[in-house]
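*Asks:* I'd like to ask you about the structure that follows.
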Amino acid sequence: MRFDRICKPSDSRSFFLFGARGTGKTTLLHHLLDTTNALWIDLLNPDAEDRYARHPASLLEQVRARHRDQPGRMWEWIIIDEIQKTPRLLDVVHAILESREFAPPKFALTGSSARKLRHGGANLLAGRAFVQHLHPLTFLELGDTFDLDQVLNWGSLPEVVQFQDDLQRRDYLTSYGHTYLREEVWNEHLVHKLDPFRKFLEVAAQSSGQPVNASAIARDVGVDDKTVRKYFQILEDTLLGFFLEPFSASVRKRQLLSSKFYLFDLGVQKSLERSLRQEIVPGTFAFGRAFEHFIVLEMMRLNDAFRLDYRFSHLRTKDGVEVDLIIERPGESTVLVEIKSTDRTTRHDARHLVPFLGDIPGAVGFCISLDPLDREIEGIRHLSWRTAFAALGLA
(Lines of atoms letter the chains of each structure in order from A; the text may use other names.)
(Lines give C-alpha, C1' and ligand atoms only; values in the text may rest on other atoms or scores of the structure.)
Protein backbone atom coordinates (compact mmCIF):
# COMPACT_ATOMS: atom_id res chain seq x y z
CA MET A 430 0.00 0.00 0.00
CA ARG A 431 1.37 3.41 -0.94
CA PHE A 432 0.60 6.54 1.08
CA ASP A 433 0.80 10.08 -0.24
CA ARG A 434 3.11 11.69 2.31
CA ILE A 435 2.72 15.37 3.11
CA CYS A 436 6.46 15.65 3.68
CA LYS A 437 8.00 16.14 0.25
CA PRO A 438 11.67 17.13 0.37
CA SER A 439 13.02 19.29 -2.42
CA ASP A 440 14.02 17.47 -5.60
CA SER A 441 16.21 20.40 -6.65
CA ARG A 442 18.42 20.80 -3.58
CA SER A 443 20.30 18.64 -1.09
CA PHE A 444 18.46 17.82 2.11
CA PHE A 445 18.50 15.99 5.42
CA LEU A 446 15.50 13.79 6.19
CA PHE A 447 15.29 12.87 9.87
CA GLY A 448 12.80 10.46 11.37
CA ALA A 449 12.59 7.56 13.79
CA ARG A 450 13.10 4.04 12.50
CA GLY A 451 10.11 2.71 10.64
CA THR A 452 8.63 6.05 9.59
CA GLY A 453 9.30 5.31 5.90
CA LYS A 454 12.29 7.49 5.02
CA THR A 455 13.84 5.08 2.52
CA THR A 456 10.48 4.29 0.93
CA LEU A 457 9.74 7.99 0.54
CA LEU A 458 13.06 8.60 -1.22
CA HIS A 459 12.38 5.73 -3.64
CA HIS A 460 9.04 7.35 -4.51
CA LEU A 461 10.25 10.93 -4.77
CA LEU A 462 13.66 10.69 -6.40
CA ASP A 463 14.82 9.31 -9.71
CA THR A 464 17.22 6.68 -8.40
CA THR A 465 18.21 5.36 -11.85
CA ASN A 466 21.13 7.78 -11.80
CA ALA A 467 22.03 7.72 -8.11
CA LEU A 468 24.68 6.37 -5.77
CA TRP A 469 22.91 4.78 -2.79
CA ILE A 470 24.93 4.21 0.38
CA ASP A 471 23.22 2.25 3.16
CA LEU A 472 25.16 2.71 6.39
CA LEU A 473 23.00 0.09 8.10
CA ASN A 474 24.99 -2.35 5.97
CA PRO A 475 27.97 -3.31 8.20
CA ASP A 476 30.38 -3.50 5.26
CA ALA A 477 29.40 -0.06 3.99
CA GLU A 478 29.59 1.47 7.46
CA ASP A 479 33.02 -0.05 8.08
CA ARG A 480 34.33 1.15 4.74
CA TYR A 481 33.23 4.77 5.11
CA ALA A 482 34.04 4.94 8.82
CA ARG A 483 37.61 3.84 8.14
CA HIS A 484 38.06 5.96 5.05
CA PRO A 485 35.43 8.71 4.65
CA ALA A 486 37.42 10.27 1.80
CA SER A 487 36.63 7.22 -0.33
CA LEU A 488 33.32 8.94 -1.17
CA LEU A 489 35.19 11.86 -2.72
CA GLU A 490 37.36 9.35 -4.59
CA GLN A 491 34.21 7.68 -5.98
CA VAL A 492 32.87 11.03 -7.18
CA ARG A 493 36.18 11.94 -8.81
CA ALA A 494 36.35 8.54 -10.53
CA ARG A 495 32.81 8.99 -11.85
CA HIS A 496 33.71 12.41 -13.20
CA ARG A 497 36.88 11.04 -14.80
CA ASP A 498 35.39 7.87 -16.29
CA GLN A 499 31.98 9.21 -17.28
CA PRO A 500 32.40 12.95 -17.89
CA GLY A 501 29.10 14.74 -18.09
CA ARG A 502 27.28 11.85 -16.42
CA MET A 503 27.72 12.65 -12.76
CA TRP A 504 25.17 11.04 -10.45
CA GLU A 505 22.15 13.27 -9.99
CA TRP A 506 21.79 12.11 -6.39
CA ILE A 507 23.98 10.59 -3.74
CA ILE A 508 21.71 9.08 -1.10
CA ILE A 509 23.22 8.23 2.27
CA ASP A 510 20.93 6.27 4.60
CA GLU A 511 21.47 6.72 8.36
CA ILE A 512 24.19 9.36 8.09
CA GLN A 513 24.56 9.47 11.90
CA LYS A 514 26.37 6.12 11.68
CA THR A 515 29.39 7.88 10.16
CA PRO A 516 29.19 11.62 10.93
CA ARG A 517 32.66 12.28 9.49
CA LEU A 518 31.17 11.68 6.03
CA LEU A 519 29.48 15.06 6.32
CA ASP A 520 32.84 16.82 5.99
CA VAL A 521 33.36 14.95 2.73
CA VAL A 522 29.82 15.78 1.57
CA HIS A 523 30.56 19.44 2.30
CA ALA A 524 33.80 19.26 0.29
CA ILE A 525 31.98 17.69 -2.67
CA LEU A 526 29.28 20.38 -2.63
CA GLU A 527 31.99 23.07 -2.58
CA SER A 528 34.15 21.46 -5.25
CA ARG A 529 34.97 23.23 -8.50
CA GLU A 530 36.40 20.09 -10.11
CA PHE A 531 32.98 18.93 -11.24
CA ALA A 532 29.30 19.80 -11.13
CA PRO A 533 28.40 18.38 -7.70
CA PRO A 534 25.52 15.96 -7.30
CA LYS A 535 22.69 16.58 -4.88
CA PHE A 536 22.63 14.75 -1.55
CA ALA A 537 19.72 13.11 0.26
CA LEU A 538 20.86 12.29 3.79
CA THR A 539 18.59 10.34 6.13
CA GLY A 540 18.98 9.81 9.85
CA SER A 541 17.12 8.19 12.74
CA SER A 542 19.23 9.86 15.40
CA ALA A 543 20.52 13.37 15.83
CA ARG A 544 22.65 12.43 18.86
CA LYS A 545 25.98 11.76 17.18
CA LEU A 546 25.49 14.69 14.85
CA ARG A 547 24.63 17.07 17.67
CA HIS A 548 27.07 15.87 20.31
CA GLY A 549 29.91 15.17 17.90
CA GLY A 550 29.85 18.65 16.43
CA ALA A 551 29.11 17.22 13.01
CA ASN A 552 29.19 19.43 9.95
CA LEU A 553 25.56 20.11 9.01
CA LEU A 554 26.61 21.64 5.69
CA ALA A 555 26.19 25.25 6.80
CA GLY A 556 22.71 25.61 5.37
CA ARG A 557 23.54 24.01 2.04
CA ALA A 558 20.96 21.31 2.72
CA PHE A 559 17.38 21.75 3.88
CA VAL A 560 16.27 19.86 6.98
CA GLN A 561 12.96 18.00 7.11
CA HIS A 562 11.39 15.46 9.43
CA LEU A 563 9.27 12.42 8.65
CA HIS A 564 6.78 11.17 11.24
CA PRO A 565 4.40 8.22 11.47
CA LEU A 566 1.36 8.56 9.24
CA THR A 567 -1.16 11.28 10.06
CA PHE A 568 -4.93 10.97 9.66
CA LEU A 569 -4.66 13.07 6.49
CA GLU A 570 -2.15 10.68 4.95
CA LEU A 571 -4.20 7.64 5.95
CA GLY A 572 -7.28 9.16 4.31
CA ASP A 573 -10.17 6.72 3.98
CA THR A 574 -8.17 3.98 5.71
CA PHE A 575 -7.91 5.99 8.94
CA ASP A 576 -9.45 4.22 11.93
CA LEU A 577 -9.21 6.04 15.27
CA ASP A 578 -9.54 2.89 17.39
CA GLN A 579 -6.82 1.19 15.37
CA VAL A 580 -4.46 4.15 15.73
CA LEU A 581 -5.08 4.47 19.48
CA ASN A 582 -4.31 0.79 19.94
CA TRP A 583 -1.51 0.25 17.42
CA GLY A 584 -0.16 3.63 16.36
CA SER A 585 0.45 4.65 12.76
CA LEU A 586 3.87 3.50 11.64
CA PRO A 587 3.52 2.65 7.91
CA GLU A 588 4.37 -1.03 8.39
CA VAL A 589 1.88 -1.43 11.25
CA VAL A 590 -1.13 0.05 9.43
CA GLN A 591 -0.61 -2.35 6.52
CA PHE A 592 -0.75 -5.52 8.61
CA GLN A 593 -4.03 -7.42 8.38
CA ASP A 594 -4.19 -8.84 11.91
CA ASP A 595 -3.32 -7.89 15.46
CA LEU A 596 -0.78 -10.67 15.91
CA GLN A 597 1.41 -9.21 13.16
CA ARG A 598 1.06 -5.74 14.63
CA ARG A 599 1.98 -7.00 18.10
CA ASP A 600 5.01 -8.91 16.84
CA TYR A 601 6.26 -5.94 14.82
CA LEU A 602 5.92 -3.47 17.70
CA THR A 603 7.52 -5.83 20.18
CA SER A 604 10.43 -6.31 17.80
CA TYR A 605 10.63 -2.54 17.31
CA GLY A 606 11.42 -2.03 20.98
CA HIS A 607 14.07 -4.74 20.98
CA THR A 608 15.66 -3.37 17.80
CA TYR A 609 15.73 0.14 19.24
CA LEU A 610 17.49 -1.05 22.39
CA ARG A 611 20.03 -3.07 20.45
CA GLU A 612 20.84 -0.88 17.45
CA GLU A 613 20.11 2.67 18.57
CA VAL A 614 21.19 2.46 22.21
CA TRP A 615 23.47 -0.48 22.99
CA ASN A 616 25.41 -0.75 19.73
CA GLU A 617 25.95 3.01 19.76
CA HIS A 618 27.26 2.89 23.35
CA LEU A 619 24.78 5.46 24.59
CA VAL A 620 24.46 3.82 28.02
CA HIS A 621 26.88 1.85 30.19
CA LYS A 622 24.27 -0.58 31.49
CA LEU A 623 21.26 -1.71 29.48
CA ASP A 624 19.01 -3.05 32.26
CA PRO A 625 18.37 0.32 33.98
CA PHE A 626 17.64 1.93 30.61
CA ARG A 627 15.29 -0.91 29.69
CA LYS A 628 13.42 -0.36 32.96
CA PHE A 629 13.41 3.39 32.34
CA LEU A 630 11.79 2.88 28.92
CA GLU A 631 8.87 1.06 30.52
CA VAL A 632 8.38 3.74 33.18
CA ALA A 633 8.74 6.56 30.64
CA ALA A 634 6.14 4.90 28.40
CA GLN A 635 3.73 4.50 31.31
CA SER A 636 4.05 8.22 32.11
CA SER A 637 4.03 9.47 28.52
CA GLY A 638 1.99 12.67 28.32
CA GLN A 639 2.31 13.36 32.04
CA PRO A 640 4.53 15.98 33.73
CA VAL A 641 8.03 14.59 34.10
CA ASN A 642 8.98 13.77 37.69
CA ALA A 643 12.65 12.82 37.40
CA SER A 644 13.02 12.01 41.09
CA ALA A 645 10.10 9.57 41.11
CA ILE A 646 11.30 7.90 37.92
CA ALA A 647 14.82 7.65 39.34
CA ARG A 648 13.49 5.82 42.40
CA ASP A 649 11.50 3.40 40.22
CA VAL A 650 14.45 2.70 37.95
CA GLY A 651 17.17 2.63 40.61
CA VAL A 652 19.36 5.41 39.23
CA ASP A 653 19.91 9.07 40.12
CA ASP A 654 18.05 12.11 38.77
CA LYS A 655 20.96 13.09 36.51
CA THR A 656 20.87 9.69 34.81
CA VAL A 657 17.12 9.96 34.23
CA ARG A 658 17.59 13.33 32.56
CA LYS A 659 20.31 11.77 30.39
CA TYR A 660 17.96 8.92 29.46
CA PHE A 661 15.25 11.36 28.39
CA GLN A 662 17.82 13.22 26.30
CA ILE A 663 18.68 9.94 24.56
CA LEU A 664 15.00 9.41 23.71
CA GLU A 665 14.77 12.92 22.30
CA ASP A 666 18.03 12.65 20.36
CA THR A 667 17.04 9.30 18.84
CA LEU A 668 13.69 10.82 17.81
CA LEU A 669 11.66 8.47 20.01
CA GLY A 670 9.88 11.33 21.72
CA PHE A 671 9.74 15.04 22.49
CA PHE A 672 9.20 17.42 25.39
CA LEU A 673 6.14 19.64 25.64
CA GLU A 674 7.43 22.58 27.63
CA PRO A 675 5.42 24.68 30.10
CA PHE A 676 3.94 27.90 28.76
CA SER A 677 6.58 30.63 28.96
CA ALA A 678 4.51 33.81 29.24
CA SER A 679 3.60 34.99 32.73
CA VAL A 680 0.00 34.42 33.80
CA ARG A 681 -1.88 35.51 36.87
CA LYS A 682 -1.82 32.10 38.52
CA ARG A 683 1.54 30.60 39.35
CA GLN A 684 2.57 27.61 37.26
CA LEU A 685 4.24 24.32 38.00
CA LEU A 686 7.07 24.47 35.50
CA SER A 687 7.24 20.78 34.64
CA SER A 688 7.72 19.58 31.08
CA LYS A 689 5.70 16.70 29.65
CA PHE A 690 7.32 14.02 27.54
CA TYR A 691 5.47 12.29 24.69
CA LEU A 692 6.64 9.18 22.88
CA PHE A 693 6.43 9.64 19.12
CA ASP A 694 3.92 6.85 18.35
CA LEU A 695 1.05 5.30 20.30
CA GLY A 696 1.87 1.75 19.22
CA VAL A 697 5.50 2.07 20.26
CA GLN A 698 4.37 3.60 23.54
CA LYS A 699 2.10 0.61 24.24
CA SER A 700 4.89 -1.77 23.30
CA LEU A 701 7.38 -0.16 25.66
CA GLU A 702 4.90 -0.13 28.56
CA ARG A 703 4.03 -3.77 27.79
CA SER A 704 0.32 -3.19 27.23
CA LEU A 705 -0.10 -4.35 23.61
CA ARG A 706 -2.48 -7.11 24.69
CA GLN A 707 -4.74 -4.66 26.50
CA GLU A 708 -7.35 -3.18 24.18
CA ILE A 709 -8.11 0.51 24.61
CA VAL A 710 -11.88 0.73 25.02
CA PRO A 711 -13.95 3.93 24.52
CA GLY A 712 -15.20 5.46 27.76
CA THR A 713 -12.22 4.32 29.83
CA PHE A 714 -9.42 6.35 31.40
CA ALA A 715 -6.94 4.66 29.04
CA PHE A 716 -9.00 5.77 26.02
CA GLY A 717 -9.02 9.38 27.23
CA ARG A 718 -5.29 9.33 27.81
CA ALA A 719 -4.62 7.80 24.38
CA PHE A 720 -6.96 10.26 22.63
CA GLU A 721 -5.16 13.24 24.18
CA HIS A 722 -1.83 11.70 23.15
CA PHE A 723 -3.17 11.25 19.61
CA ILE A 724 -4.30 14.88 19.32
CA VAL A 725 -0.94 16.22 20.53
CA LEU A 726 1.00 13.94 18.16
CA GLU A 727 -1.12 14.86 15.15
CA MET A 728 -0.76 18.56 15.82
CA MET A 729 3.01 18.29 16.16
CA ARG A 730 3.32 16.17 13.01
CA LEU A 731 1.10 18.37 10.83
CA ASN A 732 2.66 21.59 12.09
CA ASP A 733 6.01 20.17 11.03
CA ALA A 734 4.75 18.84 7.69
CA PHE A 735 3.04 22.11 6.74
CA ARG A 736 5.92 24.19 8.18
CA LEU A 737 3.54 26.43 10.10
CA ASP A 738 6.02 27.30 12.87
CA TYR A 739 3.42 27.00 15.63
CA ARG A 740 4.77 26.77 19.17
CA PHE A 741 3.17 24.26 21.53
CA SER A 742 3.22 24.20 25.32
CA HIS A 743 1.04 23.29 28.28
CA LEU A 744 0.08 25.00 31.52
CA ARG A 745 -0.56 23.64 34.98
CA THR A 746 -1.03 25.72 38.11
CA LYS A 747 -0.06 24.77 41.65
CA ASP A 748 -3.73 24.47 42.56
CA GLY A 749 -4.23 21.79 39.92
CA VAL A 750 -5.80 23.73 37.05
CA GLU A 751 -4.45 22.54 33.72
CA VAL A 752 -4.56 23.62 30.09
CA ASP A 753 -3.79 20.58 27.94
CA LEU A 754 -2.28 22.52 25.07
CA ILE A 755 -1.42 26.12 24.25
CA ILE A 756 -0.78 26.90 20.59
CA GLU A 757 1.04 30.12 19.75
CA ARG A 758 0.56 30.95 16.07
CA PRO A 759 2.66 33.64 14.35
CA GLY A 760 0.44 36.61 13.51
CA GLU A 761 -2.69 34.92 14.88
CA SER A 762 -4.43 34.47 18.21
CA THR A 763 -3.06 32.05 20.78
CA VAL A 764 -5.31 29.02 21.26
CA LEU A 765 -5.93 27.36 24.63
CA VAL A 766 -7.01 23.76 24.16
CA GLU A 767 -8.90 21.32 26.37
CA ILE A 768 -8.95 17.75 24.99
CA LYS A 769 -11.86 15.47 25.89
CA SER A 770 -12.57 11.97 24.59
CA THR A 771 -16.30 12.25 25.25
CA ASP A 772 -18.84 12.27 22.42
CA ARG A 773 -20.89 14.91 24.24
CA THR A 774 -19.21 17.94 25.82
CA THR A 775 -20.83 20.40 28.24
CA ARG A 776 -19.87 23.80 29.62
CA HIS A 777 -18.15 22.10 32.55
CA ASP A 778 -15.60 20.43 30.30
CA ALA A 779 -13.81 23.66 29.42
CA ARG A 780 -14.96 26.22 31.95
CA HIS A 781 -11.50 26.37 33.55
CA LEU A 782 -10.14 27.88 30.29
CA VAL A 783 -12.16 31.08 30.73
CA PRO A 784 -9.98 32.75 33.43
CA PHE A 785 -6.82 32.17 31.40
CA LEU A 786 -8.28 33.88 28.35
CA GLY A 787 -8.04 37.16 30.23
CA ASP A 788 -4.41 36.49 31.17
CA ILE A 789 -3.25 35.96 27.58
CA PRO A 790 -4.22 38.91 25.35
CA GLY A 791 -6.29 37.91 22.33
CA ALA A 792 -6.36 34.23 23.27
CA VAL A 793 -9.24 31.97 22.24
CA GLY A 794 -10.40 28.70 23.76
CA PHE A 795 -11.07 25.36 22.04
CA CYS A 796 -12.61 22.26 23.56
CA ILE A 797 -11.63 19.44 21.19
CA SER A 798 -13.50 16.15 21.46
CA LEU A 799 -15.39 13.37 19.71
CA ASP A 800 -18.61 15.36 19.93
CA PRO A 801 -19.87 15.85 16.34
CA LEU A 802 -21.85 19.00 17.26
CA ASP A 803 -19.73 22.14 16.83
CA ARG A 804 -20.88 25.09 18.90
CA GLU A 805 -19.76 27.90 21.21
CA ILE A 806 -20.43 27.81 24.96
CA GLU A 807 -19.50 30.75 27.20
CA GLY A 808 -16.88 31.98 24.74
CA ILE A 809 -15.26 28.55 24.25
CA ARG A 810 -15.52 26.84 20.86
CA HIS A 811 -16.54 23.19 21.31
CA LEU A 812 -15.32 21.44 18.17
CA SER A 813 -15.06 17.91 16.86
CA TRP A 814 -11.38 17.08 16.48
CA ARG A 815 -11.45 17.10 12.68
CA THR A 816 -13.17 20.51 12.64
CA ALA A 817 -10.61 21.81 15.13
CA PHE A 818 -7.69 20.71 12.95
CA ALA A 819 -9.24 22.51 9.98
CA ALA A 820 -9.83 25.65 12.06
CA LEU A 821 -6.19 25.61 13.10
CA GLY A 822 -4.93 25.26 9.53
CA LEU A 823 -3.74 21.71 10.22
CA ALA A 824 -5.99 19.96 7.70
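Heads up: the sequence shown is residues 430 to 824, going by this note's numbering. Every residue, glycine too, gets a C-beta built ideally from N, C-alpha and C.
From which residue to which residue does the beta strand (DSSP E) around R495 run?
*Replies:* Careful: R495 lies outside any beta strand (DSSP E), inside the alpha helix (DSSP H) at S487 to D498.
*Asks:* Helix, strand or coil for T774, going by three-state DSSP, please let me know.
*Replies:* The answer is coil: DSSP assigns T774 none of H, G, I, E or B.
*Asks:* Is I755 helix, strand or coil by DSSP?
*Replies:* The answer is strand: DSSP assigns I755 an E or B state.
*Asks:* Could you tell me which uninterrupted alpha helix (DSSP H) segments, each at least 4 residues in length, are contained entirely in the segment 517 to 605, listed from first to last along the chain?
*Replies:* Listed in chain order, the complete alpha helix (DSSP H) runs (minimum 4 residues) inside the segment 517 to 605 are 518 to 527, 544 to 548, 568 to 571, 577 to 583 and 587 to 591.
*Asks:* Which class does S700 belong to by DSSP, given the choice of helix, strand or coil?
*Replies:* Residue state, collapsed to three classes: helix.
*Asks:* Taking L782 as the reference, give the member of E767, F735 and L526 with the closest Cα.
*Replies:* Looking at the Cα atoms, E767 is the closest of the given residues.
*Asks:* Take the Cβ of S487 as the centre, count every other Cβ of all protein chains shown within 10 Å, and call the residue buried at 16 or more, exposed below.
*Replies:* Label assigned to S487: exposed.
*Asks:* Excluding five sequence neighbours on each side, which residues of the same chain lie with their C-beta closer than 7 Å to the C-beta of N474?
*Replies:* Cβ neighbours of N474 beyond the five flanking positions: none.
*Asks:* Give the C-beta separation of T667 and S542 to the nearest angstrom, bearing in mind that I take them to be a contact with Cβ-Cβ under 8 Å.
*Replies:* About 5 Å; that satisfies the 8 Å criterion.
*Asks:* Among I509, E530 and K514, whose alpha-carbon lies nearest the alpha-carbon of V522?
*Replies:* Taking only the C-alpha atoms, the option nearest V522 is I509.
*Asks:* In chain order, what residues of the same chain lie with their CB nearer than 8 Å to the CB of S688, ignoring the 5 residues before and after it?
*Replies:* Closer than 8 Å at Cβ, skipping near neighbours: P640, V641, F672, L673, E674 and P675.
*Asks:* Which residues in the same chain have their Cβ closer than 6 Å to the Cβ of F818, if we skip the five residues on either side of it in sequence?
*Replies:* So the list reads A824, once near-sequence residues are dropped.
*Asks:* What does the Cβ neighbour count give for L596, buried or exposed, with the cut at 16 atoms within 10 Å?
*Replies:* Classification for L596: exposed.
*Asks:* What are the partner residues of I724, as DSSP defines its beta bridges?
*Replies:* I724 is not bridged to any residue.
*Asks:* Pair every Cβ in the segment 707 to 714 with every Cβ in the segment 726 to 737, then say whether three or more of these pairs are closer than 8 Å.
*Replies:* In short, these stretches do not touch, since the Cβ pair count stays below three.
*Asks:* Got a sec? Which residues, its chain only, sit under 6 Å from R810 by beta carbon, not counting five neighbours each side?
*Replies:* These residues qualify, in order along the chain: F795.
*Asks:* Could you tell me if the beta carbon of D594 falls within a distance shorter than 7 Å of some heavy atom in the ligand ATP?
*Replies:* Among the components modelled here there is no ligand, and therefore nothing to report on the ligand ATP.
*Asks:* Go ahead and pull the three-state DSSP assignment for I663.
*Replies:* Here I663 sits in helix by DSSP.
*Asks:* Identify the residues that DSSP records as bridge partners of P784: which are they?
*Replies:* Beta-bridge pairing links P784 to no other residue.
*Asks:* Looking only at its chain, what residues have a beta carbon closer than 8 Å to the beta carbon of G651, apart from the 5 residues adjacent to it on each side?
*Replies:* So the qualifying residues of the chain are P625 and K628.
*Asks:* If I measure Cβ to Cβ from A634 and keep anything under 7 Å in the same chain, skipping five residues before and after, which residues do I get?
*Replies:* For A634, where only same-chain residues beyond five positions count, the Cβ hits under 7 Å are L692, Q698, L701 and E702.
*Asks:* Verify whether the separation of the beta carbon atoms of L581 and F432 is less than 8 Å.
*Replies:* Cβ atoms of L581 and F432: not closer than 8 Å.
*Asks:* Can you tell which of K747, L765 and T746 has its C-alpha closest to the C-alpha of L754?
*Replies:* Answer by Cα proximity: L765.
*Asks:* Would you be able to state if there are at least three C-beta pairs under 8 Å between the segment 437 to 447 and the segment 567 to 585?
*Replies:* Not touching, per the Cβ criterion.
*Asks:* If you check the beta carbons only, do I663 and V614 fall under 8 Å apart?
*Replies:* For I663 and V614, yes; Cβs fall inside 8 Å.
*Asks:* Buried or exposed: where does S604 fall if 16 or more other Cβ atoms within 10 Å of its Cβ makes it buried?
*Replies:* S604 should be labelled exposed.
*Asks:* G638 to D694, Cα distance in whole Å?
*Replies:* Answer to the nearest angstrom: the Cα atoms are 12 Å apart.
*Asks:* Give the secondary structure of F693 by DSSP, where H, G and I count as helix, E and B as strand, and everything else as coil.
*Replies:* Reduced to three states, the DSSP call for F693 is coil.
*Asks:* Based on the DSSP output, what are the partners of I809 in its beta bridges?
*Replies:* Paired residue(s): G794 and I806.
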